[in-house]
Amino acid sequence: MKIIIGLGNPGKQYLGTRHNVGFEFIDMLAKHRRLNPVGKELKFTSNRKFKAEIAETQIAGEKYILVKPSTFMNLSGNSVSKIIAFYKSRIEDLFVISDDLDLPLGMSRVRLAGSSGGHKGLESIALGLGTDQFTRLRIGIANHKIGTTNSDHPYEKPEAKIFVLEKFTSREKPTINKMIIKSIDIIIDCLTGRKELTATTFEI
Numbered sequence: 073m074k075i076i077i078g079l080g081n082p083g084k085q086y087l088g089t090r091h092n093v094g095f096e097f098i099d100m101l102a103k104h105r106r107l108n109p110v111g112k113e114l115k116f117t118s119n120r121k122f123k124a125e126i127a128e129t130q131i132a133g134e135k136y137i138l139v140k141p142s143t144f145m146n147l148s149g150n151s152v153s154k155i156i157a158f159y160k161s162r163i164e165d166l167f168v169i170s171d172d173l174d175l176p177l178g179m180s181r182v183r184l185a186g187s188s189g190g191h192k193g194l195e196s197i198a199l200g201l202g203t204d205q206f207t208r209l210r211i212g213i214a215n216h217k218i219g220t221t222n223s224d225h226p227y228e229k230p231e232a233k234i235f236v237l238e239k240f241t242s243r244e245k246p247t248i249n250k251m252i253i254k255s256i257d258i259i260i261d262c263l264t265g266r267k268e269l270t271a272t273t274f275e276i
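Here the sequence shown is numbered in my numbering, starting from 73 and rising by one per residue.
Take a look at the structure:
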């Protein structure tokens, strides 16, 4: 079993914002040909118990669960911990997708464990699970306006809190779409065993 969780904020007002890249990843993943051999988009259903929207599929006999928590970003751990407990899943089977202010637009990074870097969604998940030893894909969203930082907590900056809730510009949108598509291909290869899952950074 693989549980793939994209982070974001629920509600139409947050669609297309930088902080919702995790949701966009999951939505595009649900349409991917390798998850839908018959060409049908996976359908999400709302689950009140899990506080999430969930879609399920199988590849070569293994179940894949796609999740978009319906809690707000800062409370993502409430949803994730319930899902992990219900499915009696191993932490090694969890894969989380989030935005990253330490990476420029057009770059992504896979990490097998580690701190949240100030990202409140990842921080909430680590708190809910009692460990930060879970795999995550962090998709870069920084641009020349906000820049990248060497700070451990770039999300604490006042300007960052505004920036992540802004929508991608028309110029940025093609770049983030290409990055998500490339990330999905890489992640599916890793999850299905066609490629070894390692800590890595890649760009378009």
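From the three backbone atoms N, C-alpha and C, an ideal C-beta is built for every residue, glycine too.
Keep in mind that this is a model prediction, so the values were computed, not measured.
Check	Outcome
Are the CB atoms of S170 and G193 within a distance shorter than 7 Å?	yes
Would you mind stating whether I75 and I137 have Cβ atoms separated by less than 7 Å?	yes
Ignoring anything shorter than 4 residues or poking outside the stretch 185-262, list the alpha helix (DSSP H) runs there in chain order.	192-201, 230-235
To which residues of the same chain is K277 closer than 6 Å at the C-beta, ignoring the five residues directly before and after it?	With the chain represented from 73 up to 276, any question about residue 277 goes unanswered, as that position is not in the structure.
Could you give the DSSP three-state label for M73: helix, strand or coil?	coil
Strictly by DSSP, which residues pair up with L279?	Any answer about residue 279 is impossible in this case: the structure gives the chain only from 73 up to 276.
Let me know the secondary structure DSSP gives E164 once reduced to three states.	helix
Please name the residue, chosen from D165, E268, T89, that lies closest to M145 on a Cα-to-Cα basis.	T89
In this structure, how does DSSP classify I169 when only helix, strand and coil are distinguished?	strand
Smallest Cα separation from H300: which of T273, E268, D261, T270?	Because the chain is modelled from 73 through 276, residue 300 falls outside the range shown and cannot be assessed.
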